[in-house]
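The sequence shown runs contiguously to residue 522 in the numbering used here.
Cβ atoms here follow ideal geometry from the backbone N, Cα and C, with glycine treated the same way.
Worksheet: one structure, shown below.
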Amino acid sequence: MAAAACLSLAACTVPGDEPPEIGVTIPPGFAAANGAQGAVYERWWTHFGDPQLDAFVERAVADSTAIGQAIARVRQARARARIAGADRLPQVDASLSATRQHLSLESLGIVVPGDEPRAGPSSYTIETYDLSANVSWEIDLWGRLSAQSAAARAEFLGSEASLQAVRQVIAAQTARTYFAVVEAREQVELAQRTVENYTEVARQIGNRVDVGSAQPIEGQLADANLRSASAHLAQRRETLAMLTREFDILLRNYPDGEVAVADALPTVPPPPPAGIPAELLARRPDIAASLLDLRAAGFRLTAAERSFLPGITLTASAGTSTTELSNLFDPGAFIWSVAGRLLQPVFQGGRLRAQFELRAGERDEALQSYADAVLTALSEVEIALAVEEFLGGQERELAGAVAAAERAVEIARNRYDLGKEPLLTLLESQRRSLDARSSLLAVQRLRLANRVDLHLALGGGFGQAGESAGTTSEK
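Put into structure tokens, the structure is as follows:
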């Protein structure tokens with residue numbers, strides 16, 4: 048076996064913030080690979096050959112409330128990224144003000160000596176009109192604002208990757224529920240046929256009891272078998288009703304249980320190509336989202352580290368100021384000012400240090416979350432591939448069991464009619480035939496559901512997410 052390769056990822060390449068690498072041993076191929084070659088399927092649900100399933104998946108993905116929530120989160124993240132980016136640019140605003148003041152000489156601290164009446168006015172009314180444009184700009188000398196902007200952008204790209212992951216999950220959930228509803232319908236039909244068969248057996252045995260060719264106990268056993276089958280049918284109908292209403296909710300329908308599905312489960316198609324593990328990491332949108340969360344945490348840590356450094360802010364203002372409104376645009380009333388400020392944090396009660404420790408803890412948590420996402424993705428593929436093989440073997444064995452059970456029922460019925468076998472033998476053979484056919488349906492549905500899980504684990508569905516993970520920058 049070829050030697051395993053080691054995947055190492057630096058969480059974020061911000062100067063001054065070199066995080067520890069994570070090492071995950073990645074083999075050259077999956078242990079349970081099926082040998083199929085080619086690219087991972089996109090729109091994998093179409094490979095089941097069921098037009099109704101195709102329509103349901105498209106509808107669920109378009110109307111899902113979970114996807115609607117994810118889209119709203121993308122909008123929020125995009126807005127936060129724009130807000131963070133705006134902090135790096137000069138802030139410009141314009142102002143227009145008018146002030147009217149009434150002042151007395153006494154309020155100005157002017158006292159006229161003597162007792163003689165004052166010759167002039169004792170108070171004044173002053174009107175001032177100001178028109179100005181103001182500019183404020185914090186110079187990103189140390190890259191703190193750039194790191195904050197990059198963190199917000201990484202969060203935005205991560206929300207897009209998460210949206211893609213939600214789409215894939217909804218498609219998979221729709222397919223799994225659809226197959227469950229179809230199987231439940233088939234189980235109801237099987238139980239209904241069983242009740243009809245047991246009803247006929249009970250009628251025939253009842254006739255034989257009436258003419259004395261069968262014992263009354265045989266009639267009681269046949270009736271008990273019929274009642275048990277009827278109860279089983281009611282249980283199957285309850286399961287179908289529950290699953291159908293769940294499917295309605297998934298499709299954003301009123302849960303009236305009237306959704307129409309196919310009459311039978313589709314045949315399990317050939318297995319899809321699994322590709323290689325290293326490609327999986329670039330294809331899974333949940334891994335891309337986790338990677339982007341890690342990068343965002345790294346950028347936030349960098350911003351917290353650079354908060355210890357001094358900040359430089361430049362301000363400028365230009366405009367007019369006059370006591371006459373008609374002179375507001377007079378060049379003679381023009382005024383301007385320019386100022387700079389250097390602000391160095393000195394003492395904030397440990398807030399900056401605590402904030403740095405908080406961001407460092409978040410980065411370390413994101414690092415472990417990313418490693419967990421990688422291992423989980425690899426495990427999901429290996430499990431789905433292994434279960435595919437196990438369920439395939441089960442289906443083959445159960446298909447043989449169904450054929451054998453049906454032959455046993457035919458033999459038992461013929462021998463019972465000839466008086467060579469007791470009724471219990473016939474009833475037991477019928478029960479085993481029912482169980483075998485029911486188990487075969489269940490395994491067929493499990494194989495289809497596991498195939499859906501395999502497609503989901505491989506990252507197929509709506510395109511790859513690797514580009515988002517690789518395009519985060521400090522812009």
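In the three-state scheme derived from DSSP, where H, G and I count as helix and E and B as strand, residue 381 is classed as strand. Less than 8 Å separates the beta-carbon of residue 111 from that of residue 217. Per the C-alpha coordinates, the member of 477, 436 and 200 positioned closest to residue 341 is 200. Residue pairing for residue 245: DSSP places it in no beta bridge. Annotation: residue 97 is outside any beta strand (DSSP E) and is labelled neither H nor E by DSSP. In this structure residue 500 does not touch residue 413 by the C-beta definition: roughly 27 Å separates them, more than the 8 Å allowed. Counting the other Cβ atoms within 10 Å of the Cβ of residue 206 gives 16 or more, which makes it buried. Contact annotation: residue 269 and residue 288 have beta-carbon atoms that are not nearer than 8 Å. For residue 345, the uninterrupted alpha helix (DSSP H) segment begins and ends at 332–353. A direct Cα-to-Cα measurement between residue 465 and residue 251 gives close to 14 Å.
Under the three-state reduction of DSSP output, residue 174 falls in the strand class. With 16 or more other CB atoms across the displayed protein chains lying within 10 angstroms of its CB, residue 497 is buried. As the crow flies, the alpha-carbon of residue 345 is around 8 Å from that of residue 198.
Taking 3 residues as the minimum length, the region 276–331 contains no beta strand (DSSP E) run wholly inside it. C-alpha of residue 244 to C-alpha of residue 236: approximately 12 Å in a straight line.
Here residue 317 is not near residue 88, since their CB atoms are 8 Å or more apart. Distance between residue 489 and residue 343, taken at the CA atoms: about 45 Å. Of the candidates 403, 215, 116 and 175, the residue whose Cα lies closest to the Cα of residue 347 is 403. Non-local beta-carbon contacts of residue 202 in its own chain, meaning distances under 8 Å to residues more than five positions away in sequence, involve 124, 127, 128, 339, 340 and 343 in chain order.
DSSP places residue 393 in the coil class of the three-state scheme, outside both helix and strand.
Inter-residue distance for residue 366 and residue 142 is about 9 Å (C-alpha atoms, whole angstroms). Judged by DSSP secondary structure, residue 495 falls within the alpha helix (DSSP H) whose first and last residues are 470–505.
For residue 280 against residue 224, the beta-carbon gap comes to about 22 Å, at or over 8 Å, which does not count as contact. Taking 8 Å as the upper bound for CB-CB distance, residue 504 and residue 427 are in contact here, some 4 Å apart. A direct Cα-Cα distance of roughly 17 Å separates residue 354 from residue 184.
A check of alpha carbon separations from residue 336 across 473, 191 and 209 identifies 209 as the nearest. Where residue 434 is concerned, the enclosing alpha helix (DSSP H) starts and stops at 398–464.
Following the DSSP letters along the chain, one finds residue 112 inside the alpha helix (DSSP H) bounded by residues 112–133.
Per DSSP, the beta-bridge partners of residue 139 are 182. In this structure the region 473–487 lies against the region 441–452, because at least three pairs of beta carbons, one per stretch, are closer than 8 Å.
As computed with DSSP, residue 150 is found in a beta bridge with 171.
Its chain contains 272 as the residues whose beta carbon lies nearer than 8 Å to that of residue 478, once the 5 sequence neighbours on both sides are disregarded; these appear in chain order. DSSP, reduced to helix, strand and coil, places residue 356 outside both helices and strands of the structure shown, so it counts as coil. The alpha-carbon of residue 257 is positioned some 13 Å away from that of residue 267.
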